[in-house]
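To start, the structure under review is shown below, and the notes come after it.
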Amino acid sequence: MKALVLGFSLLFLSLRLLAQGPVVFVDGNGAEQEAARLTKFAHTDDQTMEMTRDLLKSCPEISITRKEDASPNYFLLLNRGPEYGLFRNAVTQIMLLDGEKNVLYSSKQGTVAKAVKDGCKAILSDWKSRRAQASRPPTPEWNIDKK
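Those letters in the sequence shown? Residues 637 to 783, per this note's numbering, in order.
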């Protein structure tokens, strides 16, 4: 009986961990933190607060962090260019990196909100595919002896 209760407890805890969404480090400062520290020419128009607000609205499945050392699943970086033209338009770029900082996705949108929604779709798509791969049981390797 104790083993059954323990088994259900472990199953419940593992399902809760699987149900949690990805942890995403966000930065709207225009550069990866390390690159921004190494150069004095980093973009100074920090959009992190606007980016976070839009991300909370459009992507409630994820957890957002500003702790780079918290081992996030993803890094979402935003760069907002200078405004130009008659209507003062600006180009907004977004880049998604995995936990090892490999580039997974990049796009260019007109507004921060559109770029963040685009980044959210990329995060959830990659997260879903990674979860599907992790939950798939390994295929057995049959050892067939040739005679």
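For each residue, glycine too, the CB sits at the ideal point set by N, CA and C.
- Two segments are said to touch when three or more pairs of C-beta atoms, one from each, lie closer than 8 angstroms; by this definition the region 726–742 does not touch the region 693–700.
- Residue pairing of Ile759 in beta bridges, as defined by DSSP: absent, with no partner found.
- Per DSSP, Asp705 has no beta-bridge partner at all.
- DSSP places Gln769 in the helix class (H, G or I) of the three-state scheme.
- Counting along the chain, Asp690 sits inside the alpha helix (DSSP H) bounded by residues Thr684 to Ser694.
- A residue is called buried once 16 or more other Cβ atoms fall within 10 Å of its Cβ, and Pro696, having fewer, is exposed.
- When DSSP states are grouped into helix, strand and coil, Val662 belongs to the strand group.
- Asp690 is positioned such that its CB atom lies closer than 8 angstroms to that of Ala749.
- Collapsing the DSSP output to three states places Lys737 in coil.
- DSSP places Asn725 outside any beta strand (DSSP E), giving it a letter other than H or E.
- Taking the C-beta atoms as reference points, Ser743 is found no nearer than 8 angstroms to Asp734.
- Here Gln769 has no same chain residue with a Cβ atom under 8 angstroms from its own Cβ, once five neighbours each way along the sequence are excluded.
- Considering only Ser761, Asp705 and Phe661, the residue with the shortest C-alpha distance to Leu692 is Phe661.
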